[in-house]
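Below is one structure, written out as structure tokens; the observations come after it.
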Ligand code: AMP
């Protein structure tokens, strides 16, 4: 299961956390539109509201009122094909002998099945097929024997994969980022408390200050009275595996991730794209909205080129990926984008997007631009060809569905019927992010993953923990 989601956790001095949680989920809505949820704790008991749909539809004022307590966590979940339904909506909550737990997870474990089997054998009853529940049960079990920090460390030593978590243990809010820092997570300071969120845009929305990123392998424990936080560096690895695609597509341009402003990164990638494969045309057009910052960087580097809007987006149409069939996906592109003829007719155009996944969007857009009178249509893409699936939490289609899965760039150009096509190099990604390839997750563009995934190649020395029915023996 792939879970590309948004998580948040908030501790305040004496104000209810529900409303700021609700606002921050709005700020993270782009990370997931299938369901939204909040779990709070008032010092005595947990309160939970989890609903299918967009944040604005999932909560009404009464729901927010009923979520008592100044500590809480929230989640927005991305729609994926395999796992639609309320059983996977989050935060996931459980009560157990020594208290209550709530969990919000962004990412995807690659060894959840092994742990699930072991825990099921020990009598744990699972209500969903999600890996988040596996983390919750593992943590609940460890909490019976160890204090909070040790219990989290034990669970971290057993789970393998990508996870940025906000956790609620009774009224204490925690943030955990996997040892390779695959998904983003950051800490922010508010006037009367602290927040942990997937992206800093959520902190901005609350008028807070970004303090810093949560470090890979770090546990952050917020003080329930909003007065501060403690940090525990629980696992240290030599290399990170930051997802480059967060910077390319997924995150908001106004968020800072691992010390880079996403907008600046995209503009810089656009500049590189011009340097590597710039072509002179009458006009440069972005695919709204995902190609916009790339196109502005590209046009900036090109200097004497006209940068214009040639496609208008209907903002009320959701992301094309939500459409279950190819036919519906194709129709959705036409619903979503309409050409502005005057900027296109009789002109040679360069169309810029961040990525090509299945190729549906680019095929449709090249046709749309030609129908609107473009003389030539050149495509430039702000990321390398996506050749392999993502196992780390971004729903990216299967290998067979990926247009670059078994085609050369020239074959793709031919397929989408563009006059020319060029992608950005992996080197450019690494240079702009200021990270070596050994510190990035490039699985979808190289086919080699920084995690030990069954049936796939890995690009580094990583091993999944052996889960063999014996309690973990992490040196506490
Ligand atoms: P496709 O039409 O399948 O080639 O998808 C490419 C378009 O979808 C581009 O405009 C991207 O901005 C966007 N995109 C890329 N990755 C994703 C994703 N994981 N979910 C939704 N949209 C995406």
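Numbering (our numbering), first residue to last: 410 to 885.
Even glycine gets a Cβ: it sits at the ideal position worked out from N, Cα and C.
Check, Outcome
"May I ask you to list the residues that DSSP assigns as paired with residue 605?", "418 and 596"
"Starting from residue 820, follow the beta strand (DSSP E) in both directions and report where the run begins and ends.", "Not the beta strand (DSSP E): residue 820 falls in the alpha helix (DSSP H), residues 818-825."
"Verify the contact flag: residue 759, CB atom, against every heavy atom of the ligand AMP, threshold strictly below 7 Å.", "no"
"Pull up the DSSP beta-bridge partners for residue 799, would you.", "Answer by DSSP bridge pairing: none, since residue 799 is not bridged."
"Could you tell me whether the Cβ atoms of residue 660 and residue 849 are closer together than 8 Å?", "no"
"Using the rule of at least 16 other Cβ atoms within 10 Å of the residue's Cβ for burial, across every protein chain shown, is residue 690 buried or exposed?", "buried"
"Just the C-alpha distance for residue 623 and residue 585, rounded to the nearest angstrom, thanks.", "8 Å"
"Check whether the Cβ of residue 641 lies closer than 7 Å to any heavy atom of the ligand AMP, and answer yes or no.", "no"
"For residue 453, which of helix, strand or coil comes out of DSSP?", "coil"
"Please name the residue in 519, 703 and 422 whose C-alpha comes closest to that of residue 451.", "422"
"What's the C-alpha gap between residue 765 and residue 813?", "8 Å"
"According to DSSP, is residue 486 helix, strand or coil?", "strand"
"Suppose you measure from the CA of residue 870 to the CA of residue 485; what does that come to, to the nearest Å?", "33 Å"
"Within 7 Å: the Cβ of residue 901 and any heavy atom of the ligand AMP?", "There is simply no residue 901 to check, as the chain begins at 410 and stops at 885 in what is shown."
"Which one of 742, 763 and 437 has the shortest CA to CA distance from residue 834?", "763"
"Between residue 761 and residue 710, which are expected to be in contact by the criterion C-beta below 8 Å, what is the C-beta distance as a whole number of angstroms?", "About 12 Å; that fails the 8 Å criterion."
"My assumption, with CB atoms under 8 Å, is that residue 652 sits in contact with residue 801. Please give the rounded CB distance.", "6 Å"
"Where does residue 501 sit, in a helix, a strand or coil, going by DSSP?", "strand"
"If you pair each beta-carbon of the region 675-682 with each one of the region 738-753, do three or more pairs fall below 8 Å?", "no"
"From the DSSP secondary-structure annotation, give me the bridge partner or partners of residue 513.", "575"
"Which residues bound the beta strand (DSSP E) around residue 829?", "829-832"
"So, helix, strand or coil for residue 540, using DSSP?", "helix"
"Residue range of the beta strand (DSSP E) that residue 761 falls in?", "757-762"
"Tell me whether residue 447 counts as near the ligand AMP, meaning its Cβ is closer than 7 Å to at least one heavy atom of that ligand.", "no"
"Which runs of the alpha helix (DSSP H) spanning at least 4 residues fall entirely within the region 621-706, listed in chain order?", "671-686"
"Could you name the residues that DSSP lists as bridge partners for residue 891?", "No statement about residue 891 is possible, as the shown extent of the chain runs from 410 to 885 and does not include it."
"Apart from the five residues just before and just after residue 682, which ones in its own chain have a Cβ nearer than 7 Å to its Cβ?", "703, 707, 789, 791 and 833"
"In terms of residue numbering, what span does the alpha helix (DSSP H) encompassing residue 776 cover?", "769-780"
"Kindly examine the ligand AMP and report whether one of its heavy atoms sits closer than 7 Å to the Cβ of residue 805.", "yes"
"For a test of your reading of the model: does the CB of residue 596 fall under 7 Å from any non-hydrogen atom of the ligand AMP? Yes or no.", "no"
"Determine the DSSP secondary structure at residue 528, reduced to helix, strand or coil.", "helix"
"Please report the distance separating the alpha-carbon of residue 619 from that of residue 417.", "14 Å"
"Report yes or no: do the region 428-435 and the region 469-487 share at least 3 C-beta pairs separated by less than 8 Å?", "yes"
"Beta-carbon within less than 7 Å of residue 754's beta-carbon, same chain only, minus the 5 sequence neighbours each way: which residues are those?", "781 and 782"
"Would you tell me roughly how many angstroms separate the C-alpha atoms of residue 570 and residue 715, rounded to the nearest one?", "44 Å"
"Looking at the structure shown, is residue 551 part of a helix, part of a strand, or coil, going by DSSP?", "helix"
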